[in-house]
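Engineer: Following our numbering, the numbering of the sequence shown begins with 28 at its first residue and continues without gaps. Pasting in a structure now, in structure tokens, and then I'll have a few things to ask.
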Amino acid sequence: MLHHTTIAHQMDVAIVDQLIRLGRDRLSERGIRSAVKKVSPLAWFTSLSCAETAVHMETSFRDEFGAADSSLTAAELDAADQLVRDKYSTAAWINRIP
28 MLHHTTIAHQ MDVAIVDQLI RLGRDRLSER GIRSAVKKVS PLAWFTSLSC AETAVHMETS
88 FRDEFGAADS SLTAAELDAA DQLVRDKYST AAWINRIP
């Protein structure tokens with residue numbers, strides 16, 4: 028399984044609102060709701076370093092779901108390349124606001 032997300036370990040929460048892309052045309056209701064949520068860095072809740080936190084999260088995920096290392100097949104890599112070409116590298120995708 029591949030999963031991508033952003034988790035902030037440490038950040039300046041005072042400037043987060045300035046960094047979120049508000050005020051652009053076609054901002055959806057969902058985008059507005061997500062933009063006004065307050066965020067809290069993980070460092071507020073743990074004394075672990077960023078690297079230690081990452082290792083702990085990986086270990087916990089592996090233990091909980093029985094995950095194991097593996098490699099992508101050639102077909103999976105080809106499919107990913109096709110998605111990049113057809114979807115993720117297009118202006119429509121890059122400039123969209125969810």
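Quick reminder that beta carbons are idealized off the backbone N, C-alpha and C, glycines included.
Where do the ends of the alpha helix (DSSP H) carrying residue 120 lie?
Structural biologist: As a first step, residue 120 must be located in the sequence shown, where it is residue number 93. First-last of the alpha helix (DSSP H) with residue 120: 118 to 121.
Engineer: Roughly how many whole angstroms lie between the Cα atoms of residue 90 and residue 74?
Structural biologist: Within the sequence shown, the letter at position 63 stands for residue 90. Within the sequence shown, the letter at position 47 stands for residue 74. When rounded, the distance between both Cα atoms is 22 Å.
Engineer: Quick one: what does DSSP say residue 83 is sitting in, helix, strand or coil?
Structural biologist: Counting from 1 along the sequence shown, the entry for residue 83 is found at position 56. Helix at residue 83.
Engineer: By Cβ distance below 8 Å, which residues in the same chain neighbour residue 46 in space, the five residues on each side in sequence not counted?
Structural biologist: Position 19 of the sequence shown, counting from 1, holds the residue named residue 46. Result list for residue 46: empty, nothing under 8 Å.
Engineer: Determine, using beta-carbon pairs with one atom in the region 33 to 40 and one in the region 66 to 84, whether at least three such pairs fall under 8 Å.
Structural biologist: Touching, yes, given that three or more Cβ pairs across the two stretches are closer than 8 Å.
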